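S.K.:
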Amino acid sequence: MKVTSVLVFLLLGLLASAQQMEVRVDGAVSFDGATFAVTEAGEDFAFGVESESSLWISIDTNDYWDKKVNPNRKWWVEVVREDLTWNDDVRLEIVRTGDGYGQKNNHKVYDGTTYQYIGENSWYFFRGRGIIYDIPIQLRLSGLSVTQGAQDFETNVILTIYDD
Amino acid sequence: MTFVLLDSNFSNMKHKGAFLVIIMLFLLTRLCLGIDKNTEHKASVVIPDVALLSLQFDGNSNIEFIGTSSSVAGSKIEMGGEATADIWLNYSSVCHKNQKRKVTATVVGEVPEGVIIKVKADNSVGTGKGELGKTNGTVVLSNNPSDVISGIGSCYTGSGAHNGHLLSYQLEIDEEMFYQASENKFASVHVVYTLTDDN
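Those sequence lines, one after another, are chains A and B. Residues 369 to 532 (our numbering) make up the first sequence, in order. Residues 10 to 208 (our numbering) make up the second sequence, in order.
Right, dumping it as structure tokens:
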């Protein structure tokens with residue numbers, strides 16, 4: 369009975385500690401009047417507005433064993449939009465603009481280098497292996513028009529990492 | 010005694026088995042179990058209020074009205090008429106829902122006594138979109154703002170000549186006032202257009 373209890377306890381611990389790999393986003397993106405201005409009276413906003421390159425994704429683990437035993441762990445990242453208040457005419461797109469850096473040379477990143485639409489259904493963004501820090505990403509807005517009127521809207525861009 | 014030894018071996022084997030199971034599970038969880046951690050980032054968009062207005066024209070925007078002296082004694086001085094100088098009013102407007110804007114025109118300078126300047130903005134043409142303003146027809150200009158276009162929502166007229174509202178001016182004479190107070194002099198005035206909130 370004692371042994372079984374210990375086993376169950378360890379198992380639970382292992383299951384919990386298996387969920388160690390995580391994706392982290394640093395930086396901030398806000399599209400405001402400074403980003404999209406009307407350049408001349410009578411004109412509309414520019415077609416598409418890109419964010420500054422101020423967002424970085426890190427793929428990390430706080431598990432010592434993961435770093436030591438399984439440094440080449442493969443993963444992929446999906447992206448989805450969860451609207452708080454949004455205008456359906458406005459398209460939000462995401463792109464990966466760099467590879468980031470890792471502690472070892474075995475890290476790799478693939479895909480995600482062309483702009484892709486962030487919809488309300490989760491969609492594959494990019495994949496890779498190993499622990500990587502500061503992968504730069506950019507967001508782009510399009511479909512904005514002065515005819516939509518003055519308003520504020522926001523959405524959550526959710527990035528999920530999956531074990532490959 | 011023998012029984013005890015057997016029990017000890019059995020117990021050791023049992024622990025060894027448990028150990029093996031733990032190690033296997035450990036490796037399994039490390040290598041096979043899925044990870045699906047996520048993170049979120051808020052993207053916010055703020056579309057600000059915009060009110061931009063310009064006059065566009067081919068050539069210059071000056072309009073001249075020159076009085077013609079009568080050749081027959083006793084007949085009236087002809088001064089007046091209509092002039093269109095191909096001046097186009099362009100604007101971009103971003104405002105809040107239910108908010109409206111208007112374009113006013115104000116004369117800066119001294120209009121000679123008895124002379125009435127009027128302006129008319131046609132309805133918008135060209136590449137514009139949105140809730141474009143409507144003309145108020147022909148309005149008399151003075152040193153106080155006169156509403157020329159009203160009902161402007163969030164819209165843009167398109168930029169450049171042949172987009173937006175075409176302006177045309179008229180000059181009329183109030184004969185009674187004109188003959189009482191007018192002098193033989195050159196008068197130049199400016200007409201200033203303003204895109205403003207319609208309160």
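Just so you know, even glycine gets a beta-carbon here, dropped at the ideal spot from N, CA and C. Just so you know, these numbers come straight off a predicted model, no measurement behind them.
Run down chain B in chain order and give the residues with a C-beta less than 9 Å from the C-beta of Phe-521 of chain A.
M.R.: Neighbours of Phe-521 of chain A on chain B, chain order: Ser-53, Val-54, Val-55, Ile-56.
S.K.: Taking Met-389 of chain A as the reference, give the member of A:Ser-513, A:Glu-461, A:Tyr-501, A:Thr-515 with the closest Cα.
M.R.: Among A:Ser-513, A:Glu-461, A:Tyr-501, A:Thr-515, the Cα nearest to that of Met-389 of chain A is on A:Tyr-501.
S.K.: Pop quiz: Thr-115 of chain B and Val-201 of chain B are said to be a contact at Cβ under 8 Å. What is the actual Cβ separation, rounded to whole angstroms?
M.R.: Right, their Cβ atoms sit about 5 Å apart.
S.K.: Reducing DSSP to helix, strand and coil, say where Val-120 of chain B ends up.
M.R.: Of the three classes helix, strand and coil, the one that applies to Val-120 of chain B here is coil, per DSSP.
S.K.: The segment 389-409 of chain A: which residues have C-beta closer than 7 Å to a C-beta of chain B, in chain order?
M.R.: Correct list: Met-389, Glu-390, Val-391, Arg-392, Val-393, Val-397, Ser-398, Phe-399, Asp-400, Gly-401, Val-406, Glu-408, Ala-409.
S.K.: Since Val-134 of chain B sits in a beta bridge, which residues does DSSP pair it with?
M.R.: Partner(s): B:Gly-173.
S.K.: If distances are taken between C-alpha atoms only, which option among A:Tyr-492, A:Leu-509, A:Val-445 comes closest to Val-397 of chain A?
M.R.: Of A:Tyr-492, A:Leu-509, A:Val-445, the residue nearest in Cα terms is A:Leu-509.
S.K.: Roughly how far, in whole angstroms, is the beta-carbon of Gln-65 of chain B from the beta-carbon of Lys-127 of chain B, given that I think they are within contact range, below 8 Å?
M.R.: Wrong, their Cβ atoms sit about 21 Å apart, outside the cutoff.
S.K.: Is there a Cβ of chain B sitting closer than 9 Å to that of Asn-524 of chain A, yes or no?
M.R.: Yes - at least one Cβ of chain B is within 9 Å of the one on Asn-524 of chain A.
S.K.: Could you list the residues in the segment 139-153 of chain B with a C-beta less than 9 Å from some C-beta on chain A, going in chain order?
M.R.: Of all residues in the segment 139-153 of chain B, Gly-139, Glu-140 have a Cβ within less than 9 Å of some Cβ in chain A.
S.K.: Determine the DSSP secondary structure at Ser-385 of chain A, reduced to helix, strand or coil.
M.R.: Residue placement at Ser-385 of chain A is flagged as unreliable, the pLDDT there being 49, under the threshold of 50; a coordinate-derived value is accordingly withheld.
S.K.: To the nearest angstrom, how far is it from the Cα of Ile-125 of chain B to the Cα of Ser-177 of chain B?
M.R.: Their Cα atoms are separated by approximately 14 Å.
S.K.: Using only the alpha-carbon positions, how far apart do Ile-503 of chain A and Tyr-469 of chain A sit?
M.R.: Rounded to the nearest angstrom, the two C-alpha atoms are 7 Å apart.
S.K.: How long is the line joining the alpha carbons of Glu-185 of chain B and Glu-122 of chain B, rounded to whole angstroms?
M.R.: Going from the Cα of Glu-185 of chain B to the Cα of Glu-122 of chain B covers about 10 Å.
S.K.: Using a 10 Å radius around the Cβ and a threshold of 16 neighbouring Cβ atoms, would you call Thr-429 of chain A buried or exposed?
M.R.: It counts as buried.
S.K.: So if DSSP puts Pro-504 of chain A in a beta bridge, which residue, or which two residues, is it bridged to?
M.R.: Answer is A:Trp-424.
S.K.: Output the boundary residues of the beta strand (DSSP E) element that contains Gln-516 of chain A.
M.R.: Per DSSP, Gln-516 of chain A belongs to no beta strand (DSSP E) and is neither H nor E.
S.K.: Give a yes or no on whether the C-beta atoms belonging to Phe-521 of chain A and Asn-455 of chain A are separated by under 9 Å.
M.R.: The answer is yes: Cβ separation under 9 Å.
S.K.: Could you check the C-alpha separation between Val-525 of chain A and Asn-69 of chain B for me, to the nearest Å?
M.R.: Roughly 51 Å separates the two Cα atoms.
S.K.: Pick out whichever of A:Gln-471, A:Arg-464, A:Val-477 has its Cα sitting closest to the Cα of Leu-507 of chain A.
M.R.: Out of A:Gln-471, A:Arg-464, A:Val-477, A:Arg-464 has the C-alpha closest to the C-alpha of Leu-507 of chain A.
S.K.: With distances taken Cα to Cα, identify the nearest neighbour of Asn-107 of chain B among B:Gly-160, B:Val-149, B:Asp-67.
M.R.: Comparing Cα-Cα distances from Asn-107 of chain B to each of B:Gly-160, B:Val-149, B:Asp-67, the minimum goes to B:Gly-160.
S.K.: Output the distance between the C-alpha atoms of Val-514 of chain A and Val-54 of chain B, rounded to the nearest integer angstrom.
M.R.: Each residue's Cα considered, the two are about 13 Å apart.
S.K.: Below 9 Å between beta carbons: does that hold for Ser-101 of chain B and Ala-60 of chain B?
M.R.: For Ser-101 of chain B and Ala-60 of chain B, yes; Cβs fall inside 9 Å.
S.K.: Strictly under 9 Å for the Cβ-Cβ distance: is Val-477 of chain A near chain B by that measure?
M.R.: It does not; no Cβ of chain B falls within 9 Å.
S.K.: Decide if Ala-409 of chain A is buried, meaning its Cβ has at least 16 other Cβ atoms within 10 Å, or exposed.
M.R.: Burial call: buried.
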